[in-house]
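Enquirer:
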Amino acid sequence: MRLRHTLAAAAGALALLVSVPGSASAAEGEFSYLFTGMDGRPTKGMLIDPPSGVCVTLPEVAGEYVPPAHSPRNGTASVATVFTGADCDGYHYRLRPGGSASERLKMRSVVFF
Numbered sequence: 057m058r059l060r061h062t063l064a065a066a067a068g069a070l071a072l073l074v075s076v077p078g079s080a081s082a083a084e085g086e087f088s089y090l091f092t093g094m095d096g097r098p099t100k101g102m103l104i105d106p107p108s109g110v111c112v113t114l115p116e117v118a119g120e121y122v123p124p125a126h127s128p129r130n131g132t133a134s135v136a137t138v139f140t141g142a143d144c145d146g147y148h149y150r151l152r153p154g155g156s157a158s159e160r161l162k163m164r165s166v167v168f169f
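According to this note's numbering, the sequence shown is numbered sequentially starting from 57.
(1) Looking at the structure shown, is P123 part of a helix, part of a strand, or coil, going by DSSP?
(2) Can you tell me where the beta strand (DSSP E) with V138 in it begins and where it stops?
(3) Under three-state DSSP, which class holds A82?
(4) Would you mind stating whether K100 and L114 have Cβ atoms separated by less than 8 angstroms?
(5) What would DSSP say about P98, mapped onto helix, strand or coil?
(6) Give the DSSP-derived three-state secondary structure of V117 in the structure shown.
(7) Which word fits R152, buried or exposed, when buried means at least 16 other C-beta atoms lie within 10 angstroms of its C-beta?
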């Protein structure tokens, strides 16, 4: 009898998982930023249709030994929250859709909602 209840609960949980839309949606659009390239010059980086609800550490500035990125431009339809540290750690700032910030805003990671 317990096995039937366990199987019924598992089947119900699976049906719920399949029917609920996941966080696989994307923040449609382009999120761009500047970082210091290997030659010491400002270089443009971008995320195209980044995932929603998932922390994205910017690969060019992931290590603390390199200068952080700056001057973000949120060309997506979602709110972007940028963080001073990798893995969405540290101080944060929100950029509305279509918003931008100056080079004073330093960042290493971002999440979209």
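Cβ coordinates follow ideal geometry from the N, Cα and C atoms, glycine included.
Expert: Taking the geometry as given:
(1) coil
(2) 136–139
(3) strand
(4) no
(5) strand
(6) helix
(7) exposed
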